[in-house]
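Chains as they are written, first to last, in the numbering used here: chain A, 1 to 285; chain B, 1 to 285. Glycine is no exception: its CB is placed at the ideal position from the N, C-alpha and C atoms.
There are 2 protein chains.
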Amino acid sequence: MGAEDSGPVLKRTRVRDYLRNLVESQAAGDPIPSERALCEQLGVSRPTLRAAVDELVTTGLIVREHGRGMFVAPAKITQELAMAGEDSAFVLPRAAGSWASRVLEFSVIQAGARVGRKLHISPAAEIVYIARLRLVDGEPMAIEHLHVPAALVPGLTPADMESGDFYELLRDQHGIQVHQAVQSIEPTVTSEREARLLSVPVLSPALLFERLTTDGAGRPVEYVHSLYRGDRYRIVSRISLADPGHPAPATDQDASRHHPGIPPGDLTSGAGGRTVTVGDVQPTP
Amino acid sequence: MGAEDSGPVLKRTRVRDYLRNLVESQAAGDPIPSERALCEQLGVSRPTLRAAVDELVTTGLIVREHGRGMFVAPAKITQELAMAGEDSAFVLPRAAGSWASRVLEFSVIQAGARVGRKLHISPAAEIVYIARLRLVDGEPMAIEHLHVPAALVPGLTPADMESGDFYELLRDQHGIQVHQAVQSIEPTVTSEREARLLSVPVLSPALLFERLTTDGAGRPVEYVHSLYRGDRYRIVSRISLADPGHPAPATDQDASRHHPGIPPGDLTSGAGGRTVTVGDVQPTP
DNA sequence: TAGTGGTCTAGACCACACC
DNA sequence: GTGTGGTCTAGACCACTAT
Chain A
1 MGAEDSGPVL KRTRVRDYLR NLVESQAAGD PIPSERALCE QLGVSRPTLR AAVDELVTTG
61 LIVREHGRGM FVAPAKITQE LAMAGEDSAF VLPRAAGSWA SRVLEFSVIQ AGARVGRKLH
121 ISPAAEIVYI ARLRLVDGEP MAIEHLHVPA ALVPGLTPAD MESGDFYELL RDQHGIQVHQ
181 AVQSIEPTVT SEREARLLSV PVLSPALLFE RLTTDGAGRP VEYVHSLYRG DRYRIVSRIS
241 LADPGHPAPA TDQDASRHHP GIPPGDLTSG AGGRTVTVGD VQPTP
Chain B
1 MGAEDSGPVL KRTRVRDYLR NLVESQAAGD PIPSERALCE QLGVSRPTLR AAVDELVTTG
61 LIVREHGRGM FVAPAKITQE LAMAGEDSAF VLPRAAGSWA SRVLEFSVIQ AGARVGRKLH
121 ISPAAEIVYI ARLRLVDGEP MAIEHLHVPA ALVPGLTPAD MESGDFYELL RDQHGIQVHQ
181 AVQSIEPTVT SEREARLLSV PVLSPALLFE RLTTDGAGRP VEYVHSLYRG DRYRIVSRIS
241 LADPGHPAPA TDQDASRHHP GIPPGDLTSG AGGRTVTVGD VQPTP
């Protein structure tokens, strides 16, 4: 029995807050007392202590090392902001380093229902399925799953997917000119297998990209599903908000000038125009 | 003692896989056996069973309802793809519904070190800090934290932040014309407080937006930090990949034509140009 | 009242790192 | 060896929902 109960406050919460303070007062890489020591010190059981630590690990404040101990996470794990280009509406951090790819799987299979639908081919049609790990400076950065209609890329080899630019290969070797892509981005968490491949804890934050690319004729060329590490990848964009000379066509409601992640309409009823809001950082240091 | 040990396989993993199969064979909203029943059925303790379920809840496959039971999650919680606009490089799902805002906090405080630096003002300078909850059809969608130099918006009231377009207000009431913004997006997970406000479980996937907006003179106007629910928000973009008439200036290395989330260079050495890769969906149904 | 999920405990065994 | 994190158990009490 835990003797006194501190009321409706979760012990886990109390422990977590205690650890947050402790971490703040230390430098990156500093060791944290052992789990058992903390248990005794805080008067909680080890599973409870671990539950609290789990949250801080997922949040990226603490790192655990099996057999060694727990440590304050190395500074901000997330990469510094960086900008490139000027015109593009969206750029991404240079992620300084050299990119490499390692093919995990390369096989010809049937498209199946969903992929067939996406690629506008029969579910029985063959596709080349490629899974590859993308690395930056040797560190895992993302997992990519590619589906390409097999008929489009005869003779494609795994080596092709580790060396060059796939779009150039499509153009030079197969006479396919990619034209446009529709891509969606959403946040998710890593599964067990994904975590292992990316060298991050299970349930770590990650970005899920899904992309369908088409050629000039609107014919689907490829369907991509990729997962990027949340602690090392970040999307940065420069947005032009006002063009005091281009009063924006203002089509109708709000479909006119949207910007990434800027919600449409700030009113209770969905009014139009560009609507951006301002805010600030959270109490996190 | 657990009697026989099924080898190096985590019990949690076995339970999780069992539940995944069970969920797949059922329809959305169907009830799942109680925790205690599953424990007996699978021969594991309740904490172990719960650890497995936790992952599926975080992943969005299962929903728990206190005092009622566990159920198969309602279809895909994530919103369907949607597109609007045509020219903008980035659009977002219409998220059909009406947006509303509820001010959680409105106060005038000192900027502090980090915010002062971002806004290019003294750390001792006063700013208006506003936290607000953004709702779609009455359902929480995001939490926004805004920091605006107080000198720029004399007489600003909380009501101003619940009704109209903030940028229009800046222009009409304070003579400030926003010009551009630099915004970053990264995945994260919800904290305890955030989860409560957004009505999602703790450690749910979410998108973290950070934005610094400036006026025509490059003077910082606002600094935003907002958190969007990962299960209801998704960014969609249409990307033009090839302009067979615009061979792209090709500035130098790779800074020329990047697109959202498309990693630069596919080679081991960071080569330039547009580099897009293809992939496919994961085994998840 | 009875059943559900939510939390917590005390102790155990294992795998790994360091001495 | 000792100490660390990683996993698991059996049982307890609570809060909530239904009947």
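Per-residue DSSP class, three states only, for residue i
i: Y233 (chain B); result: coil
i: Q26 (chain A); result: coil
i: L169 (chain B); result: helix
i: S45 (chain A); result: coil
i: H296 (chain B); result: No answer is possible for residue 296 (chain B): it lies beyond the span of chain B, which begins at 1 and ends at 285.
i: R114 (chain B); result: helix
i: L10 (chain A); result: coil
i: V53 (chain B); result: helix
i: L227 (chain B); result: strand
i: R238 (chain B); result: strand
i: V108 (chain B); result: strand
i: S101 (chain A); result: strand
i: R134 (chain B); result: strand
i: V15 (chain A); result: helix
i: A125 (chain A); result: coil
i: L61 (chain A); result: coil
i: A159 (chain B); result: coil
i: A73 (chain B); result: coil
i: A217 (chain B); result: coil
Sequence-distant residues of the same chain with beta carbon closer than 6 Å to residue i, five excluded per side
i: H120 (chain B); result: P220
i: A124 (chain A); result: Q110
i: Q173 (chain B); result: none
i: V63 (chain A); result: F71 and A73
i: V23 (chain B); result: L61 and V72
i: A181 (chain B); result: R211 and T213
Cβ pair residue i, residue j closer than 8 Å
i: F209 (chain B); j: Q183 (chain B); result: yes
i: I185 (chain B); j: I235 (chain A); result: yes
i: H66 (chain B); j: H145 (chain B); result: no
i: L197 (chain A); j: L133 (chain A); result: yes
i: I127 (chain A); j: F106 (chain A); result: no
i: R36 (chain A); j: R46 (chain A); result: yes
i: D137 (chain B); j: S98 (chain B); result: yes
i: Y233 (chain B); j: H147 (chain B); result: no
i: M141 (chain B); j: R229 (chain B); result: yes
i: P11 (chain B); j: T48 (chain B); result: Note that residue 11 (chain B) corresponds to Lys in the displayed sequence, not to Pro. Yes.
i: V202 (chain B); j: T190 (chain B); result: yes
i: K118 (chain A); j: L212 (chain A); result: yes
i: V108 (chain B); j: A150 (chain B); result: yes
Own chain partners of residue i with C-beta closer than 7 Å, once the 5 adjacent residues on each side are dropped
i: G216 (chain A); result: Q177 and H179
i: V344 (chain A); result: Lying outside 1 to 285, the shown extent of chain A, residue 344 (chain A) is not represented and no answer is given.
i: G116 (chain B); result: S122, P123 and A125
i: R16 (chain A); result: A52, E55 and L56
i: A113 (chain A); result: P123
i: R171 (chain B); result: Q177
i: Q26 (chain A); result: V72
i: L156 (chain B); result: V128
i: V44 (chain A); result: K11 and V15
Contacting residues, own chain, Cβ-Cβ under 8 Å from residue i (five flanking each side not counted)
i: A28 (chain B); result: V72, A73, P74 and A75
i: Q41 (chain B); result: P33
i: Y18 (chain B); result: L42
When Cβ atoms are compared, which residues of the segment 181-201 of chain B fall closer than 9 Å to chain A? A181, V182, Q183, S184, I185, E186, P187, T188, V189, S191, E192 and E194
Which residue spans inside the segment 185-213 of chain A form an unbroken alpha helix (DSSP H) run of at least 4? 192-198
Using a Cβ-Cβ cutoff of 7 Å, what residues of the segment 215-233 of chain A are near chain B? List them in chain order. E222, Y223, V224, H225, S226 and G230
Please identify, using Cβ separations under 8 Å, the residues of the segment 136-158 of chain A that lie next to chain B, in order along the chain. M141, A142, E144, H145, L146, H147 and V148
Which of the residues in the segment 20-32 of chain B, read from start to end, lie with their CB under 7 Å from any CB of chain A? none
Between the segment 52-64 of chain B and chain A, which residues of the former have CB atoms less than 9 Å from a CB of the latter, in chain order? D54, E55, T58, T59 and G60
Identify each residue in the segment 106-136 of chain B for which the Cβ-Cβ distance to at least one residue of chain A is less than 7 Å, and report them in chain order. R114, V115, Y129 and R134
Interface positions of the segment 32-47 of chain A facing chain B (Cβ-Cβ less than 9 Å), listed along the chain: P47
Which of the residues in the segment 203-215 of chain A, read from start to end, lie with their CB under 8 Å from any CB of chain B? L203, P205, A206, L207, F209, E210, R211 and T213
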